[in-house]
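First the structure, in the form of structure tokens, and then the observations on it.
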Amino acid sequence: MLTPLTYRTIPGRHVPAARRITALVPGLVLLSALLWLSHDLVLEDRIVLFRYLAMAFAACMAFITPHLLFPDGDKTLILQINPSPRRLFLHHLVKLRGIWLYGLAAAAVIAFGDSAAPGQDFHDKTRLFGTAIIALTAIMLYALYRFVTIGASSQRWNEGKAGRRLFETLDSVGKSTPADAGMFPTFLSTILVTFAGMMSVVLSAAIPHAVLAVLPFVLFLGFAGYRLGREVRSYDRLYYQSDAFYDELFTNPATGTKESRQPATYESIYWVPERWRAAVWTQIVQLDRKRPMGRIIALLTFTYWLLIWLGTPVTWHAGWLLFWIIAKNMLAWPVSVSAVSPPLFHWWMMPSGDWMIARFFLQIRWTLALLLTVSTAALFSDSVSWSAVWMWTLLDMAVSAISAWLLTRNNEFAFRKRYA
């Protein structure tokens, strides 16, 4: 009899379109910037650029792997299905697949993104891409091994069965640790994944023969595959141990929940007039529960400055800022649906026109961040003018006003037209 696990490890969940866009577009922009950077490079420079990519991938996997795997949002479903250890292992591979595919796409751009002579050195470019597949796969598997086996060691450190001499030494000199003892295996694993990935790149670069340069990555892949393969039979135990550890680690002691972000306080909305302050505050709290807006804005800012630092054309900067403005407004759509914003309650709270003004304040919450980002670019780069700073700020406010009108029209005004 076929089960949901016949075709997928865990049945997929619906992903909103806004979340897909905000996940895919930054990666596509970075790949485009990488293509522009490498389109006219010679083979030797492509090899050097790939080494930088492998080091960056190792650092990325060292930090992002525990956040992608634990605490598992599918744990309730997994407990009901009770999959085998092998399927739990495949479930984790699926969670890491996106970052791995992005890395391979970047490696393909570096290897084959040659507009000057696409057919020249094709054999060497293919070998470079093959080396990238082995290197990135080895780094991903080693990161998975380090973090999926971390539950038992973290428990020993937390119970004082490991690291006792370290803490006694610190106490003797009057020092204390900045984190819980159970966090030390996580710090150590982060360092080991970064170090192992980067050292494999360094060893590969030290081999003069191009064919033999892949040997460190092959050995690294064999080591990671062997260590991880030994744990597959008991993967269910490792999964539940590590998930329980990170589930407790990521619990916010202030709220007793898994929400790591503190909700905005009413006093922090001082910049909104009193008439609409309560409405704006409720919308911001709901939005922050669904979207880590601060992290998203930070990612948009970093990518914009990265595009300028890479020397990409001005049209790329404009396109990215336009995406920034549209994405910022699209991310507010989930809090405007009737399930989160009951139109009857909103109508009782204040008139529909006031809700349009409240949503406008909600949308311009990050306009100051956009203004400071573009102003910093204009201050340190000749590719951005000061007139463009005000143009983008006014455009953001105009799009925010249009978005607020559309959201209110589809919720409060539509309800009033239907029942009033």
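Numbering (the numbering used here) for the sequence shown: 45 to 464.
Idealized CB from N, CA, C, for every residue including glycine.
A quick note: this is a predicted structure, and the numbers were derived from the prediction, not measured.
Classify residue i: buried if its beta carbon has 16 or more other beta carbons within 10 angstroms, exposed otherwise.
i	result
residue 326	buried
residue 431	exposed
residue 348	buried
residue 446	exposed
residue 292	exposed
residue 372	buried
residue 278	exposed
residue 285	buried
residue 417	buried
residue 355	exposed
Helix, strand or coil for residue i? Go by DSSP, reduced to three states.
i	result
residue 101	helix
residue 419	helix
residue 184	helix
residue 347	helix
residue 71	helix
residue 257	helix
residue 172	helix
residue 117	coil
residue 122	helix
residue 453	helix
residue 92	helix
residue 314	coil
residue 442	helix
By Cβ distance, which residues of its chain are closer than 8 Å to residue i, with the 5 residues on each side in sequence left out?
i	result
residue 177	148 and 151
residue 144	180, 181 and 184
residue 276	129, 130 and 133
residue 170	155
Starting from the C-beta of residue i, find all residues in its chain whose C-beta is less than 7 Å away, skip the five residues before and the five after it, and write them out in chain order.
i	result
residue 358	427
residue 367	69
residue 108	143
residue 391	456, 459 and 460
residue 441	408 and 411
Between the C-alpha atoms of residue i and residue j, what's the straight-line distance to the nearest angstrom?
i	j	result
residue 303	residue 336	Below a pLDDT of 50, predicted positions are generally treated as unreliable, and residue 303, at 49, falls in that range; the measurement from the model is reported next regardless. Roughly 10 Å between the two C-alpha positions.
residue 260	residue 268	12 Å
residue 195	residue 264	23 Å
residue 328	residue 412	16 Å
residue 311	residue 72	39 Å
residue 322	residue 404	14 Å
residue 452	residue 400	6 Å
residue 299	residue 161	Bear in mind that the predicted position of residue 299 carries a pLDDT of just 45, short of 50, making it unreliable; the figure below should be weighed with that in mind. Their Cα atoms are separated by approximately 58 Å.
residue 254	residue 200	45 Å
residue 140	residue 237	15 Å
Measuring alpha carbon to alpha carbon, tell me which residue in the options is nearest residue i.
i	options	result
residue 20	155, 104 and 284	Residue coverage of the chain in this structure runs from 45 to 464, which leaves residue 20 outside it and unanswerable.
residue 351	163, 423, 365 and 169	365
residue 271	257, 446, 186 and 291	186
residue 394	425, 379 and 318	318
residue 281	193, 258 and 417	193
residue 243	83, 421 and 103	103
residue 175	229, 95, 235 and 122	95
Once the 5 residues before and after residue i are set aside, which same chain residues still bring their CB inside 6 Å of it?
i	result
residue 87	165 and 168
residue 116	287
residue 387	455, 456 and 459
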